[in-house]
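Q: Chains A and B, in that order, give the protein sequences.
For what it's worth, my numbering labels the leading residue of the first sequence as 16, then goes sequentially.
For what it's worth, my numbering labels the leading residue of the second sequence as 16, then goes sequentially.
Each residue gets a CB set at the ideal place from its N, CA and C atoms; glycine is no exception.
All of these numbers come straight from a predicted model, not from anything done at the bench.
Protein chains: 2
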Amino acid sequence: MELYLERGFGQTTVAQIAERAGVTERTFFRYFTDKREMLFDGSERLQQLMVDAVAGSPADATPLDSIGTALDAVGSVFVDLTRSRTRQVIIDSDESLQERELIKRDRLATAITGALRDRGVEEPVASLAAQTGIGVFHVAFASWIAPGNTLGYAEIARNLLAELRIVTNGS
Amino acid sequence: MELYLERGFGQTTVAQIAERAGVTERTFFRYFTDKREMLFDGSERLQQLMVDAVAGSPADATPLDSIGTALDAVGSVFVDLTRSRTRQVIIDSDESLQERELIKRDRLATAITGALRDRGVEEPVASLAAQTGIGVFHVAFASWIAPGNTLGYAEIARNLLAELRIVTNGS
DNA sequence: GTCTATAGTACGATAGAC
DNA sequence: GTCTATCGTACTATAGAC
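#1: With H, G and I counted as helix, E and B as strand and the rest as coil, what does DSSP make of GLU116 of chain A?
#2: May I ask which residues mark the beginning and end of the alpha helix (DSSP H) holding GLU59 of chain B?
#3: Beta-carbon separation of LEU86 of chain A and ALA177 of chain A under 8 Å?
#4: If contact means a Cβ-Cβ distance below 8 Å, which residues of the region 139-166 of chain B contact chain A?
#5: Check SER158 of chain A in the structure and name its three-state DSSP category.
#6: How many Å lie between THR97 of chain B and GLU40 of chain B at the Cα?
#7: For the alpha helix (DSSP H) containing LEU79 of chain A, name the first residue and the last one.
#8: Contact between the region 166-183 of chain B and the region 118-127 of chain B is defined here as three or more beta-carbon pairs at a separation below 8 Å; is this criterion met?
#9: Regarding ASP95 of chain A and the ligand MN, is the C-beta to nearest heavy atom distance less than 7 Å?
#10: So which residues on chain A does LEU86 of chain B lean against when the C-beta distance must stay under 9 Å?
#11: In the region 59-89 of chain B, which residues sit with their C-beta less than 7 Å from some C-beta in chain A, listed in chain order?
#12: Below 8 Å, can you find three or more Cβ-Cβ pairs linking the region 20-33 of chain B to the region 121-130 of chain A?
#13: Can you grab the Cα-Cα spacing for the pair LEU131 of chain B / SER108 of chain A, in whole Å?
#14: Kindly indicate the opening and closing residues of the alpha helix (DSSP H) around THR101 of chain B.
#15: Under a Cβ-count criterion, where at least 16 other Cβ atoms within 10 Å of its own Cβ denotes burial, should ALA68 of chain B be classed as buried or exposed?
#16: Anything in chain A within Cβ reach of ASP121 of chain B, meaning under 8 Å, just list it in chain order.
#17: Spatial neighbours of SER142 of chain B within its chain, please: CB distance less than 7 Å, with the 5 preceding and 5 following residues excluded, ordered by chain position.
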């Protein structure tokens with residue numbers, strides 16, 4: 016991340032990263048499938064937290080309630096605001112990094128769809144709820160790291176989920 | 016697309032594509048920024064249709080109503096079911112193509128957010144509605160090309176939007 | 001650890017259309 | 001004469017094969 020900030024992602028070569036880390040290029044590619052992947056280390060953990068939350072939500076919870084527990088469950092991940100902001104600056108600077116971020120988000124949605132289905136939620140409701148939930152998650156994260164924001168992630172996510180219910184309750 | 020089906024996307028070189036098209040590699044890269052982009056030709060048109068629909072929706076329409084008009088507006092694009100299915104088989108076979116598809120979808124969401132904001136919809140409602148709308152769009156498209164489906168895209172999209180209102184109207 | 005294919009870039013030349 | 005389209009070549013870095 017130091018190098019990506021210094022020279023830009025596209026201008027940073029794997030050779031430079033490997034050198035600063037004191038390893039060879041080959042070793043770099045042993046740890047990360049490609050240059051982008053290193054910025055998305057925590058994604059499996061995030062996914063696991065959300066899936067577990069859905070699986071563990073009350074039996075009488077609606078699909079959207081389950082989504083709510085998933086949004087709550089990842090609060091512990093989003094604490095270091097400065098680091099999240101820095102990381103996002105890098106991602107926003109490069110289109111291929113945005114692509115990678117989006118596929119992570121999509122895998123998340125797919126995993127949540129599966130967790131809902133495991134609870135007996137039928138299609139297309141499972142997909143619909145998961146997609147919507149990830150949408151809320153994304154907006155919540157973006158709001159959290161937005162300049163000037165003082166609220167915590169968890170609070171924002173809860174507010175947005177409530178807002179969603181209002182928005183979709185229109186005439 | 017012929018070559019991508021014959022040999023697989025990853026196994027197809029730009030040289031082969033250029034040869035079959037009767038041009039040089041250099042010319043290929045004049046038309047497409049990269050190997051993936053050629054599969055996403057219609058995306059600007061799709062985006063324009065949706066943005067125009069939102070902009071042209073009735074003044075008293077709720078954000079979600081505007082989304083509804085956008086979902087309707089693209090019905091004319093999704094007619095050739097066989098071609099859409101073939102294209103999706105290719106995309107689903109390669110992760111980098113899925114990434115590209117997702118960034119197109121994300122740009123769509125961003126554009127719709129802007130169109131809603133232009134109508135006076137404030138944040139975070141604009142983002143929330145746009146994200147949700149794109150989620151519905153995606154599920155609708157997937158349902159449309161799913162094996163065995165006999166419904167048209169427009170009908171599916173309408174049903175799903177109605178379904179969404181129910182899902183988010185929970186206890 | 002070594003080797004290599006290929007995507008993608010940079011810069012430049014040429015030539016036809018109107 | 002200007003604009004636009006194709007082609008030529010050399011090069012780098014990624015990423016995969018072995």
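A: According to the structure data:
#1: Three-state DSSP puts GLU116 of chain A in a helix.
#2: Taken as a continuous stretch (DSSP letters only), the alpha helix (DSSP H) holding GLU59 of chain B covers 58-70.
#3: If you check the CB distance, LEU86 of chain A and ALA177 of chain A do not come in under 8 Å.
#4: Answer in chain order: PRO139, VAL140, SER142, LEU143, ALA144, GLN146, THR147, ILE149, GLY150, VAL151, HIS153, VAL154, ALA157 and SER158.
#5: Residue state, collapsed to three classes: helix.
#6: Approximately 29 Å, taken between the alpha carbons.
#7: Its alpha helix (DSSP H) spans residues 78-88.
#8: The region 166-183 of chain B makes no contact with the region 118-127 of chain B, as fewer than three CB pairs between them are under 8 Å.
#9: Because no ligand of any kind appears in the structure shown, any question about the ligand MN cannot be addressed here.
#10: Residues of chain A passing the Cβ test: none, with the nearest at roughly 13 Å.
#11: For the region 59-89 of chain B, residues whose beta-carbon sits nearer than 7 Å to a beta-carbon of chain A comprise THR77, PRO78, LEU79 and ASP80.
#12: Segment contact: the region 20-33 of chain B against the region 121-130 of chain A, fewer than three CB-CB distances shorter than 8 Å; contact not assigned.
#13: CA-CA distance, LEU131 of chain B to SER108 of chain A, rounds to 25 Å.
#14: For THR101 of chain B, the uninterrupted alpha helix (DSSP H) run begins and ends at 96-107, by DSSP.
#15: Result: buried.
#16: Here the neighbours are GLN113 and LEU117.
#17: Residues of the same chain with a CB within less than 7 Å of the CB of SER142 of chain B, apart from the 5 flanking positions on each side, are THR128 in chain order.
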